[in-house]
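Numbering (mature numbering (1 follows the signal peptide of the UniProt record, and there is no 0)), first residue to last: -32 to -1, 1 to 238.
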């Protein structure tokens, strides 16, 4: 059996947004004893190593969740419409709760889904205010200092004034973690790019990039959930899968739908 993964990347509204298509090709002539899972794991790890942004995009594939089948694809793709509904990185906790409530998601589900920030990257422009002492929301001082130094180096490496930084301190070097004073107890620091509950370890230490992640600590119920998921990885994994399945059931908007022949484009473009 030969399995081929094609990982694609495209820009939407001037921001780098990853989209993924997994293409499977089965050759019956090959022995049935191939290690398919191992092949998938190897290819995915290779892709994430080359581009950390592949990680969060993979989460959206939902092929391992018990999702509702039979749903058709929309024919309109609007960055403006998406931006109008997605939460901002500068949101207060009340805004986050309102945003999720509009789609019938609870505060706990907000905290559960925020755990996806264990993987992926963010542009400096989304957390720059966190490095400014006059505007910064609470952030660990040592982490902020290490982050500011790292960002300056990344500007040169990426040749841009708006470089991308890894979301998770777990995925940073040991030197960065030590400079930040990160307590890695309970965290597998070798699991770079792995979706696990390490986000909650970082958040409860005020070592996260985005204000919208930190403000979860300012809400009583959300703060309790942060600690629960930090201490119970299995509980978070189960609730994350359930929340992702719930996301997949959100009703599609519009009046015209289709079954796409190519997951990357509407049928009239094929």
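Where a beta carbon is used, it is the ideal one built from N, C-alpha and C, also for glycine. Values in this document were obtained by computation on a predicted structure and should not be read as measured data.
Length of the line joining the Cα atoms of residue 195 and residue 41: Position 227 of the chain shown holds residue 195. Position 73 of the chain shown holds residue 41. Roughly 38 Å separates the two Cα atoms.
Own chain residues within Cβ distance below 7 Å of residue 66, not counting five before or after: Numbered from its first residue, the chain shown carries residue 66 at position 98. Excluding positions up to five away in sequence, the list is empty.
Excluding the five sequence neighbours on either side, which residues of its own chain have a C-beta within less than 6 Å of the C-beta of residue 75, listed in chain order? Numbered from 1 along the chain shown, position 107 holds the residue referred to as residue 75. The answer, listed in chain order, is 65, 189, 190.
Pick helix, strand or coil for residue 42, following the three-state DSSP scheme. As a first step, residue 42 must be located in the chain shown, where it is residue number 74. Here residue 42 sits in strand by DSSP.
Flag this pair as yes or no: are the beta carbons of residue 43 and residue 211 separated by less than 7 Å? Position 75 of the chain shown holds residue 43. Position 243 of the chain shown holds residue 211. It is not a contact, given that the beta carbons lie outside the stated cut-off.
So, with DSSP's three-state summary, where would you put residue 152? Position 184 of the chain shown, counted from the first residue, corresponds to residue 152. It is coil, neither helix nor strand.
Can you give the beta carbon distance from residue 82 to residue 181, rounded, assuming they're within the 8 Å contact cut? Residue 82 sits at position 114 when you count from the first residue of the chain shown. Residue 181 sits at position 213 when you count from the first residue of the chain shown. The pair is a contact, with the Cβ atoms about 6 Å apart (cut-off 8 Å).
Applying the criterion that 16 or more other CB atoms from any shown protein chain within 10 Å of the CB defines a buried residue, is residue 217 buried or exposed? Here the question's residue 217 lines up with position 249 in the chain shown. The residue is exposed, with fewer than 16 neighbouring Cβ atoms inside 10 Å.
Can you find a C-beta in chain B that's less than 7 Å from the C-beta of residue 221? In the structure shown, chain B cannot be found, because there is only a single protein chain.
Based on Cα-Cα distance, which residue from 185, 137, 207 lies nearest to residue 87? Translated into positions along the chain shown, residue 87 becomes position 119. Ranking 185, 137, 207 by Cα distance to residue 87 puts 137 first.
Going by alpha carbons, who is nearest to residue 57 out of 38, 201, 92? One-based indexing of the chain shown puts residue 57 at position 89. Ranked by Cα distance from residue 57, the options 38, 201, 92 are led by 92.
Express the C-alpha separation of residue 207 and residue 113 in angstroms, rounding to a whole number. Taking the chain shown and counting its residues from 1, one reaches residue 113 at position 145. Taking the chain shown and counting its residues from 1, one reaches residue 207 at position 239. Distance between the alpha carbons of residue 113 and residue 207: 34 Å.
So the candidates are 154, 176, 236; which of them puts its Cα closest to the Cα of residue 201? Along the chain shown, read from residue 1 onward, the residue named residue 201 stands at position 233. Looking at the Cα atoms, 154 is the closest of the given residues.
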